[in-house]
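Chains as they are written, first to last, in my numbering: chain F, 1 to 229; chain H, 230 to 479. The structure appears right after this line, and notes come after that.
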Amino acid sequence: MSWFSNFLTSSIGRKVVMSLTGLFLIIFLVVHLVGNLQLLAGDGGKAFNLYAEFMTTNPLIKTTSYLLYAGILLHAFQGWALWRKNRKARGSKGYAVKVNKVAGTNSFAASNMGWLGTIIFVFIAVHMYQFWLQMKLGATPMATYDGKEVKDLYALVSAAYENIGFVIFYVVSMVVIGYHLVHGFQSAFQTLGINHRKYTPFIQGLGKAYAILIPLGFAVIPIVMYLKG
Amino acid sequence: MKLTLKIWRQKSANAKGKFETYTVEATPHMSFLEMLDVLNEDLISKKEEPVAFEHDCREGICGTCSMVINGEPHGPMQGTTTCQLHMRHFKDGDTIVIEPFRASAFPVIKDLVVTRDSFDRIIQAGGYISINTGQAQDGNAIPIEKETAASAFDAAACIGCGACVAACPNASAMLFVSAKVAHLGRLPQGEVEAKRRAQAMVKQMDDEGFGMCSNITACEAECPKGISVENIAKLNREYLSSALGSETTV
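Structure below.
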């Protein structure tokens, strides 16, 4: 094997792949949230629909979106592979009694990243089917702004959020993402070897703030849209 | 003090083990291992098989004693090995569950004894300095910055007991390997082969079937020597720089 594949298949190399794809998804979530907050603009969906039109037609954004899908799949499949390997390393015989002490991480999140990630993957699949696929397959109503006809994604979204079941599903999924992020954010830096007395307190603080604020921002959208009817 | 012990008994590596319950009369002054000695004396006098457990120095520096006491490697006290754990930390009438370390790379060979040969092989792969370091140097003959010496010494405190692996939900050996890499790599004699060492030790660690680090930090919480996960970040740095930046292309 070449030096590069040796690196990528080593335990640390595999973790670096998790870390880099994770950080990429972390950056994506900020962009995604900023875009989605336009759903709350109160203009009947004009700003959001024009933004959606731009995001689906701009070639640079389109290329980035394919990178994003690849990133999600790589992160998920690598994560499952690591989960399986780690279970094998732990062995079939577990402890009769086990205390879960940790040093400065969220013990629940840290030891359940596999489960949390799997729930998030199911969420993404539903989310993509519900909005992305419906939009791509053209089952979307159209809206016309200043003589320009665009797909009315806003109508699709607001129809979905009239269903309390979907609202609950989205909000619960955001809590799961929050837990995944509270460990994942700082863990990504540790894996890259960035653990330093000068920077780590900042990274950990930023990670906690991010893990609360970003999912909260996403969760607010369906709640507000449901209440507005 | 009267104690009930639930101890994992397993005749041999391939035998199916199970928990057996014993009662033992101990005093608060005894160490945990002395309490087990009392139990074994009692078992021998009754012509029963004594409980096999590993021990050597009994002063917390050799890393031989290895057992999980009430769900924690080396028991409930922080920064304490099993041999230095005293019975005064338990109460009369307590039930104590004693199990061997559990990990695929640490198979049980009898009762509470696991084989930690995998750690030896990791050390053989690169946990040494191959240049001749000569006689003991005069103090300060080789200048080493105070902070560097202190951090190397902190890492050198690792006794290789394997509690990190036993505590880790992934049975990862990263804390152990990182302590050795950080300890040897930070000092001038060991720095020379730091890159090769990181590569060789990580490769051996992977081959032994240890899990991958998810930065859970259970290792640091249970380490009897308080080795910090900062060392794992140092190992990641060393490994990344040697994998991506060294002159060797394999």
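Each residue gets a CB set at the ideal place from its N, CA and C atoms; glycine is no exception.
Per DSSP, what kind of secondary structure is residue i in: helix, strand or coil?
i, result
"I177 of chain F", "helix"
"M69 of chain F", "Note on residue identity: the sequence assigns Tyr, not Met, to residue 69 of chain F. Helix, per DSSP."
"S10 of chain F", "coil"
"G35 of chain F", "helix"
"M55 of chain F", "helix"
"M441 of chain H", "coil"
"E162 of chain F", "coil"
"V253 of chain H", "strand"
"K85 of chain F", "helix"
"S401 of chain H", "strand"
"Q248 of chain H", "In the sequence under discussion, the amino acid at residue 248 of chain H is Phe, which differs from the Gln named in the question. Three-state DSSP puts F248 of chain H in a strand."
"V343 of chain H", "strand"
"K136 of chain F", "helix"
"F282 of chain H", "coil"
"M18 of chain F", "helix"
Nearest-angstrom Cα distance between residue i and residue j?
i, j, result
"S471 of chain H", "M174 of chain F", "39 Å"
"C448 of chain H", "Y468 of chain H", "20 Å"
"V176 of chain F", "H315 of chain H", "42 Å"
"G138 of chain F", "H127 of chain F", "16 Å"
"G114 of chain F", "A47 of chain F", "37 Å"
"G368 of chain H", "A378 of chain H", "13 Å"
"Y251 of chain H", "Q204 of chain F", "46 Å"
"L68 of chain F", "N460 of chain H", "32 Å"
"F202 of chain F", "N100 of chain F", "26 Å"
"W3 of chain F", "E437 of chain H", "20 Å"
"F121 of chain F", "G79 of chain F", "11 Å"
"L40 of chain F", "F24 of chain F", "26 Å"
"Q130 of chain F", "A160 of chain F", "8 Å"
"I237 of chain F", "T21 of chain F", "Coverage of chain F is limited to positions 1 through 229, which leaves residue 237 of chain F absent and any answer about it impossible."
"A408 of chain H", "R415 of chain H", "11 Å"
"P302 of chain H", "V17 of chain F", "31 Å"
"E270 of chain H", "V280 of chain H", "10 Å"
"S11 of chain F", "C390 of chain H", "22 Å"
"Q186 of chain F", "R14 of chain F", "17 Å"
"S295 of chain H", "A385 of chain H", "19 Å"
"R425 of chain H", "E277 of chain H", "50 Å"
"V343 of chain H", "G455 of chain H", "22 Å"
"Q70 of chain F", "S475 of chain H", "It should be noted that the sequence gives Ala, not Gln, for residue 70 of chain F. Those two C-alpha atoms are separated by around 29 Å."
"V267 of chain H", "A188 of chain F", "48 Å"
"T64 of chain F", "F77 of chain F", "20 Å"
"L206 of chain F", "N106 of chain F", "15 Å"
What are the boundary residues of the alpha helix (DSSP H) that residue i is part of?
i, result
"Y129 of chain F", "Run containing Y129 of chain F: none; DSSP gives neither H nor E here."
"T377 of chain H", "K375 to A385"
"V224 of chain F", "T200 to K228"
"L469 of chain H", "E459 to G474"
"S271 of chain F", "As shown, chain F starts at 1 and ends at 229. That puts residue 271 of chain F outside it, with no answer to give."
"R426 of chain H", "A423 to D436"
"G45 of chain F", "Taken as a continuous stretch (DSSP letters only), G45 of chain F belongs to no alpha helix (DSSP H), as it is neither H nor E."
"A392 of chain H", "A392 to A396"
"E451 of chain H", "A447 to E451"
"P417 of chain H", "P417 to E420"
Any beta carbon from chain H within less than 9 Å of residue i's own beta carbon?
i, result
"G94 of chain F", "yes"
"H196 of chain F", "yes"
"H180 of chain F", "no"
"N6 of chain F", "yes"
"V17 of chain F", "no"
"A211 of chain F", "no"
"G104 of chain F", "yes"
"I12 of chain F", "yes"
"M113 of chain F", "yes"
From the DSSP secondary-structure annotation, give me the bridge partner or partners of residue i.
i, result
"V326 of chain H", "H:K235"
"P302 of chain H", "H:V297"
"H315 of chain H", "H:S260"
"M142 of chain F", "F:K151"
With a threshold of 9 Å between beta-carbons, can residue i be considered close to chain F, or not?
i, result
"L464 of chain H", "yes"
"K409 of chain H", "no"
"L469 of chain H", "yes"
"A269 of chain H", "In the sequence as presented, Ala is not what sits at residue 269 of chain H; that position holds Asn. Judged by the 9 Å Cβ criterion, N269 of chain H is not in contact with chain F."
"L473 of chain H", "yes"
"R415 of chain H", "no"
"A447 of chain H", "yes"
"M441 of chain H", "yes"
"S333 of chain H", "yes"
"A450 of chain H", "yes"
"N399 of chain H", "yes"
"S457 of chain H", "yes"
"I461 of chain H", "yes"
How is the beta strand (DSSP E) around residue i delimited, first residue to last?
i, result
"I338 of chain H", "V337 to K339"
Taking 8 Å as the cut-off, is the beta-carbon of residue i closer than that to any non-hydrogen atom of the ligand MG?
i, result
"F382 of chain H", "This structure does not include the ligand MG; it has no bound ligands of any sort."
In chain A, what lies closer than 8 Å to residue i by C-beta?
i, result
"W3 of chain F", "The structure shown contains no chain A; its protein chains are F and H."
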